[in-house]
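So our numbering is basically just the index in the sequence shown, starting at one, shifted up by 119.
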Amino acid sequence: MARDLNAEPLFPVDEIQADILVGLKKRHEHLMFFKIVNVVTFKKFLASLHLTSMQDTLAQQALIDDNKTANPGKVIPTPGLNIAFTRSGLAMLGVALDDAKHAAFSAGMHNRQTELTDPPSSTWAVLRPSHDMHGVFVVTGASHAEVVDVISLRLAPPDENGWKLLHTEVGQVRPDPVAGHEHFGYADGVSQPGVRGRIPLNADPTPPTAALTPTKPGAEDSQGQRGQDLLWPGEFVFGYPGQNPNAPSFETQGPVKAPPIPFMDHGAFLVFRRLAQKVPEFNRAVKLAAQSITGTANPMNPDLLGAQMVGRWKSGAAIINAPQADDPSKAEDTDDVNNFEFGGDRKGLVCPFAAHIRKAYPRDDVPGNTTPTDTQANHAEAHTQTHRMLRRGIAFGPEVTESEALNERSAGGDKARGLLFKCYVTSIEHQFEFVQQSWCNNVDFSQPESGIDPIIGQSNDPLRFFAGAAPQSGNPADKPQLELAGFVHLEGGAYFFAPSIAKLTELAKAP
Ligand code: HEM
């Protein structure tokens with residue numbers, strides 16, 4: 120069916136915080152966790168705080184696009200500031216909450232240890248639970264200097280503005296040519312859900328509108344980029360239609376995701392996790408596991424095994440599109456990087472069922488069924504599309520040193536590195552927690568004995584099962600049966616709520 124843009128909602132782009140639907144433009148990011156020390160002063164500070172809206176970031180994006188051809192290489196300033204609060208932070212500001220309607224947010228990540236198979240919060244390196252953590256400032260920029268400029272111009276001095284800094288996490292994009300790659304080396308941020316909805320094109324009172332996620336040439340009407348399914352925005356921001364898990368197809372518009380309380384309209388929950396990555400240990404394990412796979416039926420090497428574990432080559436090319444060797448024509452920044460489903464690989468012979476991207480977004484896979492009809496696959500996909508998230512992570516920590524590489528061990532301490540994982544959703548339980556728990560940590564998803572996600576799967580066992588692929592022989596019996604340690608460790612995290620700029624201003628100005 121042709122895309123009817125007029126049936127899609129028009130976003131109030133000056134009201135919704137930029138990081139949710141657009142994503143703050145960043146090469147550097149400081150996450151500044153704070154406590155409110157004086158409510159009256161803090162509210163006064165909030166009332167005049169310049170938060171970066173969708174509109175601001177879309178304007179920055181337009182400038183970046185304009186300069187791409189005119190001034191290639193020119194760095195465009197992209198200062199950004201967003202804010203989100205914990206449950207105790209909102210309560211402190213006088214927001215009347217309804218805990219039954221947002222149970223995970225109210226409980227806090229530290230109380231969801233059992234659900235997530237997380238390490239106990241008493242062992243976390245950062246953000247150990249306390250009622251004193253009230254919120255986080257998300258500060259971004261094209262450089263460190265730009266980030267500190269935002270801090271001095273908009274946030275300082277804390278004591279005169281009613282807040283106190285508890286902790287900072289510093290993220291930065293890795294240096295070229297691995298900019299945008301996470302520390303294991305794989306291109307990250309490649310696949311995001313397309314979001315239905317319109318944005319105004321200029322400030323005219325009745326401006327023409329455009330799609331937030333335009334349908335690109337060659338893509339289907341229900342897609343943004345080829346293979347990027349368009350979802351209704353209620354999955355990511357309250358007050359809009361969402362997806363319908365029981366629909367015959369994901370294209371069907373679902374019911375409006377009403378805000379649990381009026382204050383939450385046009386806002387979203389923010390999940391934050393500091394995930395340490397043991398990079399030399401990961402590389403050693405991939406190398407040894409690849410060597411252990413002998414015989415000629417499905418020749419193995421470390422690059423191929425790593426790609427099977429992630430589901431993509433380091434370039435971003437999906438292994439489904441490049442089963443034996445990396446293919447630059449399908450890599451990040453190409454039109455086909457997300458142009459695939461798993462329906463042509465129902466037995467997991469090319470992309471393992473437990474590969475990170477197949478666990479975290481199984482596309483048209485049907486749980487427990489490797490011979491589904493088209494109707495069953497479409498139903499399953501409609502269900503899957505209710506478990507998506509807008510990921511906004513960034514790498515933290517230094518590059519691996521020569522001595523760490525030679526010793527095949529992480530040095531730890533100030534050499535710790537990993538991902539500051541962030542995502543925005545309207546249900547922490549059904550989106551982030553569901554994906555982590557029911558898919559990534561579940562050895563039997565999407566098919567029995569698939570294994571645990573080797574990147575982010577969590578288990579109480581030190582070694583986790585992973586069934587590889589058998590692309591050459593095409594014989595499921597040849598799939599390597601591996602046991603791998605965990606290389607990603609949760610070091611702390613929290614659940615937040617990112618309100619709309621309008622609701623926040625209203626709250627700040629209320630007596
Ligand atoms: C250190 C931890 C992590 C690493 C190294 C990592 C790495 C990656 C990589 C390399 C990709 C492929 C590129 C892309 O599509 O953007 C990816 C995709 C993805 N990751 Fe992660 N990730 C991590 C944590 C997480 C967490 C905690 C979740 C959520 C529970 C998650 C969910 C996803 C999803 C949903 C996708 C997109 C899949 C798709 O659309 O095909 N990741 N990740």
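Quick reminder that beta carbons are idealized off the backbone N, C-alpha and C, glycines included.
- Residue side-chain check: R510 places its Cβ nearer than 7 Å to a non-hydrogen atom of ligand 1.
- Checking the DSSP bridge columns, you'll see F152 partnered with V255 and H286.
- Checking the 7 Å criterion, the Cβ of I574 is within range of a heavy atom belonging to ligand 1.
- Of the residues assessed, L525 falls on the exposed side of the cut-off, its CB having fewer than 16 other CB atoms within 10 angstroms.
- Listed in chain order, the non-local C-beta contacts of A377 below 6 Å within the same chain number zero, local neighbours out to five positions each way being set aside.
- If you ignore the 5 residues before and after M228, its C-beta comes within less than 7 Å of the C-beta of G612, A613 and Y614, all in its own chain and listed in chain order.
- Its chain contains L603, A604 and F606 as the residues whose beta carbon lies nearer than 8 Å to that of A404, once the 5 sequence neighbours on both sides are disregarded; these appear in chain order.
- For the set N594, L623, V289 and A426, the Cα lying nearest the Cα of G386 is the one of L623.
- Shortest Cα-Cα distance from D493 to any of G462, N365 and L539 involves G462.
- When Cβ pairs closer than 8 Å are counted between the two stretches, the region 253-265 is seen to touch the region 139-150, the count reaching three or more.
- Pairing G537 with L394 gives a Cβ-Cβ distance under 8 Å.
- In this structure, E265 sits away from L539, with a CB-CB distance that is not shorter than 8 Å.
- Under the three-pair Cβ rule at 8 Å, the region 346-361 counts as touching the region 307-315.
- For the 8 Å CB-CB criterion, F161 and G281 form a contact.
- In summary, N417 is buried, with 16 or more beta-carbon neighbours lying within 10 Å of its beta-carbon over all protein chains present.
- Under the 10 Å beta carbon count, R528 is surrounded by fewer than 16 other beta carbons and is classified as exposed.
- Taken atom to atom, the span from the alpha-carbon of P238 to that of I412 is near 31 Å.
- Residues E610 and G611 of the same chain have their beta carbon placed closer than 7 Å to that of A244, with the five preceding and five following residues left out of the count.
- In this structure, the CA atom of E400 is about 19 Å from the CA atom of N579.
- Restricting attention to beta strand (DSSP E) runs no shorter than 3 residues, the region 502-575 encloses them at 513-515 and 537-544, ordered along the chain.
- Non-local C-beta neighbours of H475 in its own chain, meaning closer than 6 Å and more than five positions away in sequence, comprise V429, G430, D572 and I574, ordered along the chain.
- Taking all protein chains shown into account, S310 has 16 or more neighbouring C-beta atoms within 10 Å of its C-beta and is therefore buried.
- From the listed residues L182, S225 and F152, the smallest Cα separation to I270 is found for F152.
- Looking at the DSSP output, V390 bridges to C542 and Y614.
- A straight line joining the alpha-carbon of P294 with that of G512 spans about 16 Å.
- Note that the C-beta distance between G425 and E451 is not below 8 Å.
- Annotation: the continuous beta strand (DSSP E) that includes F204 extends over G199 to F204.
- When the Cα atoms are used, F472 and A409 turn out to be separated by approximately 18 Å.
- Straight-line spacing of the CA atoms in V554 and E500 works out to 14 Å.
- Assigned with DSSP and collapsed to three states, D445 falls in coil, not helix or strand.
- Of the other Cβ atoms in all chains shown, 16 or more fall within 10 Å of the Cβ of A223; this residue is therefore buried.
- Checking the 7 Å criterion, the Cβ of G537 is within range of a heavy atom belonging to ligand 1.
- With contacts defined as CB atoms closer than 8 Å, H253 and F204 qualify as a contacting pair.
- Going by C-alpha positions, S167 is about 17 Å away from A617.
- Ranked by Cα distance from T505, the options Q347, L320 and W351 are led by W351.
- Restricted to the region 211-268, the beta strand (DSSP E) segments that are unbroken, complete and at least 3 residues in length are 254-260, listed in chain order.
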